[in-house]
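Written out below as structure tokens is the structure these notes cover.
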Amino acid sequence: MKPPKFEYHAPRTVDEALALLGRYGGDAKVLAGGQSLMPLLNFRLARPAALVDLNRIPSLAFIEESGGGVRLGAMTRQRTIEFSPVIAQRVPLLKEATRWVGHLPIRTRGTVGGSIAHADPSAEYPAVLTALEGEVVARGAKGERVIKAADLFQTYLTTNLTPDEILTEVRLPAMAAGTGYALEEFARRHGDFAIIGIAAVVVRDGQRCKTARLATAGAGPVPVRLRAAEEILERDGLGEAAIDAAARKATELVDPDSDIHGSADYRRHLTGVLTKRALVRAMGVARG
Amino acid sequence: MTDPRSVGSAALPRLVGARVARREDPRLLTGQGSYVDDHRPARLLYAAFLRSPHAHARIVSIDASAALALSGVTAVLTGEEIARASKPVRAASKTPAVKVTSFPPLALGKVRHVGEAVAMVAAESRYVAEDAAERIVVEYAPLPVVTDMEGALEAASPLVHEEAGTNLLVAREFARGDVDAALASAAVVVRERFRFHRHTAICMENRGCLAEYATGSGTLTLRSSAQCPGIVRDVLSDLLDLPENRIRVVAEDVGGGFGAKASLYPEEIATCVMARRLGRPVKWIGDRREDLLATSHAWDEIIEAELGLDRDGAIVGLRALVTADVGAYSIYPWTAAIEPVQTISFLPGPYRVPTYRGRTRGVATCKTPLGPYRGVGRPPAVFVIEGLMDRAARRLGLDPTEIRLRNFIRDEDFPYKSPSGIVWDRSSFTGSLLRAREALGYDAVRAEQTQARAAGRWLGIGVASYVELTGIGSAIPVSPGMPIATGTEAATIRFDPAGKVTAVFGVASHGQGLETTLAQIVADEVGVPIEDIRVVHGDTALSPYGTGTYASRSLVLAGGAAIMAGRAVREKMLVIAGHLLEADPADLVPADGRLAVRGMPDRSVTVREIARAAYTGAKQLPKGLEPGLEATRFYDPYYGTASNATHVAVVEVDRATCQVSVLRYLVVEDCGRMVNPLIVDGQVHGGVAQGLGAALLEEIVHDDHGQLLSGTLMDYVVPSACEVPWMEVHHLETPSPVTLGGFRGMGEGGTIGAPAAIANAVADALAPLGVEVAELPATPERIFRLVARATR
Ligand SMILES: Cc1cc2nc3c(=O)[nH]c(=O)nc-3n(C[C@H](O)[C@H](O)[C@H](O)COP(=O)(O)OP(=O)(O)OC[C@H]3O[C@@H](n4cnc5c(N)ncnc54)[C@H](O)[C@@H]3O)c2cc1C
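Going down the list, the protein sequences come from chains A and B.
Numbering of the first sequence is given in my numbering, commencing with residue 51 and proceeding in unit increments.
Numbering of the second sequence is given in my numbering, commencing with residue 32 and proceeding in unit increments.
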């Protein structure tokens, strides 16, 4: 488990990093927290000619409020997010999700940009990005573009970022005060990737539900927005029967795979269980 | 055999029994340990192994030229080359029940499991070595893969070992009485097909070794992360045709073993051959992937068993067929018999079983070899017998503790010969269960369960009682049929002239705290403070003859030897002190690092003065007394002894996710006289954690092609601190009547009791659904399926 030979660069600016990526014509990889990339290198499953290390680019690590949302630099550590007052106030769902990401040492190195660019279907951040309808900013030789969550994730470990692009920023709309939210997850062992995770957001208006957002982790090759289940809630409100119906619907909306930790049937079952748990808890914190 | 009553008593009986903090911990916890990888001799080469991607394939050709052409590569070794420098390993057996097969250090002719070592590279760094291994071109001709142990027994199945003519490598039976008649007339018969899946040990420190061959003196030194340096030394001498006095095997600090490091491994042989061939030190450190692929696996058994009882719940007979997937090779020295034969040996448990027939079959498949792992055979055996006891209790309407109490071997039955021929000395089967009931507040917990059930919760209580054979002496081999001797251990206790003690042992501590417990025994025996004692172990060049640490033997055997050697030294100290003080040695009493004449504290000599006198020679010594102050003694406990325990688990199964939470875990164990309760607790904690892994989380999974699907620690799920519950550990101390010191071995017990206790608790939780737990680990997926089937 030693990586094959690669060249290593530690640029100080995004422009330098982009120039390096260009030079290798798709045969270089950017290194963020390394928590997913290093194992891939050590298993020799990835064999880039070079690594372009983003860890020495200060401009990529920040958390800022802007307009109606929060911008996070791609190199913001998961551990920073976990303790950020801005995140706690504006996007508390992201804070809650962070608790589920691996273990303390992993969150200390792991970054928000790395997690999203890596696009592990069982990871929490892609589910949160999907539930909140966030966006990412990518920069490449041809300039900058903004990609919506719904367009970003293609399949397992694959986004529509091109190899010469760097994800520079993650943008999340602020959750209005009183928004209900929860992230429910099931893993066999504390800190493991989710077998199933459900991110839920509800905006209440008395007994009515103005907006519901549900997204999955672990239920297929990409995060799944459970739109038809959301519609049940937006139509029928947040009573027990509606939540049950939405949870049932959720099980029909996913097409998970089987692996040694859980069959497709079991994952589908869990999708219903956790959808219900997430909605009940989200409703509990919702005001309005 | 040494009669425990013949050796008198300790000089200062005060440390044995005390909660002495582990003396090795400051060193280990501050990174000052001395593990294999800490050693970097000059001119060191690093090794990497090319491993088979196929489960079963003929090797057509191997071309290493591209690897050898790479800068920094020194040598490549293949199966054919190593066959000229080392014999193949053949784990011999004295019984015809075991078919002896070859285990070549590097695959020869064909590969038999994914991960089998095919070639070895030595290079300037591990990075270059791995680059080179990738460049070795091996042409394989795939053969049909044998993965299903029952299918492997069919006549049409391909063979793993042509030389055996069958895949059935082990076939053995134990029988007592007419079990068929007993079961035919039993009031109740419960039966089940149990499945205990494949596991592996997962040590913190992966296996690794470092070989150095001194061309001038013709001596070979192997540092290895191994439990049994003595066994490795002996077998290397034979394989490499080097006399034993020219081989030194060192296992200094070892980061866990759990049985998985008790066997000889191909990498150890290959590393020695490479170092000898090149005249340069060669080091191989296994990585986690190699560890999961090529460190022995465990258990993997199907057990069909039937238990018959009379109307009062008394056992009338037990009949079982054990089938074990022993994998691709018969592991040295234990052979492929170790797991399957142990299982039928221990199946009758701590019960009076008047009629028994246990048949076992060890079947070769294209998987990693099966080897010993903490508990060996007993975790599955206890899972089965305790599972049957609970099924019987449910059928008879008896409480699970009541049915056990009715069947335990009673105090008046000891020594009791079990149907498989094991003799149990006085143990506390009944006592441990009664104590467990009381400590748990059994009736209150049952009442809580009734309430929980009424509220729709799935709460269950599981009990498991077991007995294990420990500290085995020379009467029986540790593994059935194994020809090597494992019945003795020795201690050398040596004073230096300054009065400090070096105590040297052939056993090897790999986490058990033996540097502390053995020092406690020595301190009491020779009468010096523990600070003055240095324990040396795990080095065949320094220690008297011994084999190593396995089978819960080290405290019993090495501790016994320490008592004997300690008393011999002590006797001589008294003689010398008597001479110096002009007093009768019988009148001397210990007082604060001195020996004084009874009633005359001013007439005394210090231990240091005695030691100095011993080395000064005739002037200071009584006429005729040989100078020096040291003794080496060998101890053979002959039959060995037994440890027993009762484990109780209280669990809740989440109705929605089917996840099991352990709410309470309680152990009442009896390992005889305790040297150090702190360490006993630690051994129980670690053992239970591994047993919990076996019960709920850990499983080695292969696909139909023999590919390992659980090849990382993300997929092979070992419990973390969050999954291991708080444990209440209670001790009974029934001193063993047959061992020196009254000690009983206890390194494995936690892992033996926990799978059964947790399985029974889960089954109890699900009892309202009529669900039984017959397969471990009881993963959420499996429970989900059981519940779905029951409620459909
Ligand atoms: C034991 C363990 C448990 C874990 N558990 C979880 C868990 O429960 N949930 C979870 O979500 N994650 C988990 N992780 C993964 C962890 O969260 C990683 O941090 C994350 O997946 C990747 O982030 P990183 O910053 O480490 O990226 P890296 O590993 O450095 O990179 C990952 C990939 O993304 C690419 N990349 C990184 N940054 C950028 C960028 N700015 N632009 C373009 N491409 C980029 C890299 O080239 C690489 O291909 C776990 C990891 C470990 C080791």
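Ideal Cβ positions, reconstructed from N, Cα and C, are used throughout, including at glycine.
By Cβ distance, which residues of its chain are closer than 7 Å to ASP68(B), with the 5 residues on each side in sequence left out?
Here the set comprises GLY239 and ILE316.
Does CYS303(B) come out as helix, strand or coil in the three-state DSSP assignment?
In the structure shown, CYS303(B) sits in a helix (DSSP, three-state: H, G or I).
Taking the alpha carbon of ARG74(B) as the point to measure from, which residue in VAL107(B), LYS314(B), ALA282(B) and VAL51(B) has its own alpha carbon closest?
ARG74(B) has its Cα closest to that of LYS314(B), out of VAL107(B), LYS314(B), ALA282(B) and VAL51(B).
In the DSSP assignment, what are the bridge partners of LYS448(B)?
BP columns for LYS448(B) point to VAL454(B).
Name the DSSP beta bridge partners of TYR497(B), please?
Paired residues: ALA676(B).
Per DSSP, TRP330(B) forms a beta bridge with which residues?
The partner list for TRP330(B) (beta bridge, DSSP) reads ARG229(B).
Three-state secondary structure (DSSP) at GLU235(A)?
GLU235(A): strand per DSSP, three-state reduction.
Just the chain B side, please: which residues come within less than 7 Å of VAL330(A) by C-beta, in chain order?
In chain order: nothing, as chain B lies at least about 12 Å away.
Going along chain B in order, which residues have a C-beta closer than 7 Å to the C-beta of LYS52(A)?
Those within 7 Å of LYS52(A) in chain B are ARG157, TYR158 and GLU161.
Using the beta-carbon of each residue, which ones in chain A are nearer than 7 Å to ARG320(B)?
The answer, in chain order, is MET51.
Can you tell me which of the three DSSP states VAL152(B) falls into?
VAL152(B) falls in the strand class under three-state DSSP.
How far does the beta strand (DSSP E) with PRO72(B) in it reach, from first residue to last?
Counting along the chain, PRO72(B) falls outside any beta strand (DSSP E), and DSSP gives it neither H nor E.
Taking Cβ positions, are GLY169(A) and THR208(A) nearer each other than 8 Å?
Per the sequence shown, the amino acid found at residue 169(A) is Ala instead of Gly. Taking 8 Å as the Cβ cut-off, ALA169(A) and THR208(A) qualify as a contacting pair.
Looking at the structure shown, is MET32(B) part of a helix, part of a strand, or coil, going by DSSP?
Only weak support is given to the placement of MET32(B): the predicted model assigns it a pLDDT of 49, under 50, and the value that follows is read from those uncertain coordinates. If DSSP states are grouped into helix, strand and coil, MET32(B) belongs with coil.
Using the Cβ count rule (16 or more neighbours within 10 Å means buried), how would you classify GLY630(B)?
Exposed, because fewer than 16 other Cβ atoms sit within 10 Å of the Cβ of GLY630(B).
What's the call for MET32(B), buried or exposed, on a 16-neighbour Cβ count within 10 Å?
With a pLDDT of only 49 at MET32(B), under the threshold of 50, the placement of this residue in the model should not be trusted, and no figure is reported.
Rounding to the nearest angstrom, what Cα-Cα distance links PRO621(B) and ASP527(B) in this structure?
Between PRO621(B) and ASP527(B), the C-alpha separation is close to 19 Å.
Whose Cβ in chain A lies nearer than 7 Å to the Cβ of CYS240(B)?
What CYS240(B) touches in chain A: nothing, since even the nearest Cβ is about 18 Å away.
Which residues in the same chain as ASP442(B) place their Cβ atom closer than 8 Å to its Cβ, once the five residues preceding and following it in sequence are excluded?
Answer for ASP442(B): ARG457 and THR461, listed in chain order.
Under 7 Å: does the beta carbon of HIS168(A) sit that close to some heavy atom of ligand 1?
Answer for HIS168(A): yes, Cβ within range of ligand 1.
Are any of the Cβ atoms in chain B nearer than 8 Å to that of ARG238(A)?
At least one chain B Cβ lies under 8 Å of ARG238(A).
Hey, would you say GLY290(B) sits closer than 8 Å to GLY402(B), going by beta carbons?
Their beta carbons are under 8 Å apart, which means GLY290(B) touches GLY402(B) by this criterion.
Considering only residues of the same chain and omitting the five flanking positions on each side of ILE300(B), which have a CB-CB separation below 8 Å?
Cβ neighbours of ILE300(B) beyond the five flanking positions: ILE113, SER117, VAL120, PRO136, LEU267, LEU270 and LEU271.
Can you round the beta-carbon distance between ILE564(B) and ALA593(B) to whole angstroms, since I take them to be within the 8 Å contact cut?
Between ALA593(B) and ILE564(B) the Cβ distance is about 10 Å, and since that is not below 8 Å, they are no contact.
Under 8 Å, do ALA673(B) and TRP330(B) count as touching if we go by C-beta distance?
Cβ atoms of ALA673(B) and TRP330(B): not closer than 8 Å.
For the region 306-334 of chain A, list every residue whose C-beta sits within 7 Å of some C-beta in chain B, in sequence order.
Within the region 306-334 of chain A, the qualifying residues are ILE310, GLY312, SER313, TYR316, HIS319, LEU320 and VAL323.
On the CB-based measure, 16 or more other CB atoms within 10 Å of its CB, does SER361(B) come out buried or exposed?
Looking at its Cβ environment, which holds 16 or more other Cβ atoms inside 10 Å, SER361(B) is buried.
Taking Cβ positions, are VAL384(B) and LEU349(B) nearer each other than 8 Å?
Closer than 8 Å, so yes.
Is it the case that the region 266-283 of chain A contacts the region 193-204 of chain A, given that we only count it when at least three CB pairs across the two stretches are under 8 Å?
Yes, the region 193-204 of chain A touches the region 266-283 of chain A.
Take the Cβ of HIS736(B) as the centre, count every other Cβ of all protein chains shown within 10 Å, and call the residue buried at 16 or more, exposed below.
The residue is exposed, with fewer than 16 neighbouring Cβ atoms inside 10 Å.
State the CB to CB distance for the pair PRO446(B) and ALA123(B), rounded to an integer number of angstroms; the pair is presumed to be in contact (CB under 8 Å).
Actually they do not touch by this definition, with Cβ atoms about 31 Å apart.
Can you give me the C-alpha to C-alpha distance between GLU66(A) and LEU104(A), rounded to a whole angstrom?
So the alpha carbons of these two residues sit roughly 10 Å apart.
Between PHE377(B) and ligand 1, is the CB less than 7 Å from at least one heavy atom?
Checking the Cβ of PHE377(B) against ligand 1 gives no.
I want to see whether chain A comes within less than 8 Å of GLU754(B), judged by CB atoms only; does it?
Yes, GLU754(B) counts as interfacial toward chain A.
DSSP three-state label for MET604(B), please.
Helix.
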